[in-house]
Amino acid sequence: YVLTVVQQPQRARMCGFGEKDRRPVDPPPVVQLSVLDERNNRDEQMERSPFFIVHVTLSATTTRVMMGTLVSSPSVLKDDRGATGCFFCFPDLSIRCEGSYRLRFTLVRLNEYDGEEPECNGRVVAEVDSDPFTVYSAKRFPGMTESTDLSKAFARQGLKIPIRNDVRKR
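Residue numbering for the sequence shown follows UniProt numbering, beginning at 1 and increasing consecutively.
What follows is the structure in structure tokens.
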């Protein structure tokens with residue numbers, strides 16, 4: 001199992017500890033899953049399994065400074081070059097405090113429910129960290145970037161992901 005961050009977070013505006021003025025990490029982080037067989041060939045059927053989830057955390061902090069949707073289910077989509085892949089998208093992540101951060105994405109393969117055991121469990125099969133990105137105070141935030149070609153391609157296929165056609169600089 002190989003996880004690759006195909007859309008790196010670049011910036012965010014801190015949101016403090018309330019829900020009122022929450023701004024998402026920009027651009028929305030996207031992780032791609034590649035499942036390789038013993039000959040290093042892609043196993044596209046396995047990549048379509050509904051038994052994968054990716055959980056995101058901050059890689060070097062123990063305090064809860066991240067809010068939003070921290071788990072993503074797989075989406076089989078075409079990227080901005082037309083290649084089909086298994087993607088996990090995080091359009092609703094916010095950071096409460098300014099600073100420099102990395103996101104850690106953890107792939108969990110859930111066990112198939114056999115009808116016997118009441119609990120559902122799984123195991124961690126891959127992890128990857130994003131590049132570092134900066135979270136700015138409201139006064140220092142340079143503004144949101146234009147939506148990427150990848151985000152636009154996913155939105156055209158029905159994924160709920162925020163799209164901006166204009167860049168508003170401050």
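Beta carbons: idealized from backbone N, C-alpha and C, even for Gly.
Please read these numbers as outputs of a predicted model, since none were measured by experiment.
- A direct Cα-Cα distance of roughly 7 Å separates V76 from T84.
- Across the structure, F133 and S72 are spaced so that their CA atoms are roughly 20 Å apart.
- DSSP lists T84 as the bridge partner or partners of K78.
- Spanning the alpha carbons of T69 and Q8 requires a straight line of approximately 17 Å.
- Within the same chain, and ignoring the five residues on either side of R109 in sequence, the residues whose Cβ sits closer than 7 Å to its Cβ are F51, F52, G122, R123, V125.
- If the five residues before and after V25 are omitted, its C-beta is found closer than 6 Å to the C-beta atoms of P9, A12, L93, all from its own chain and listed in chain order.
- Less than 8 Å separates the beta-carbon of S130 from that of L103.
- Counting of Cβ neighbours within 10 angstroms places I161 among the buried residues, the total reaching 16 or more.
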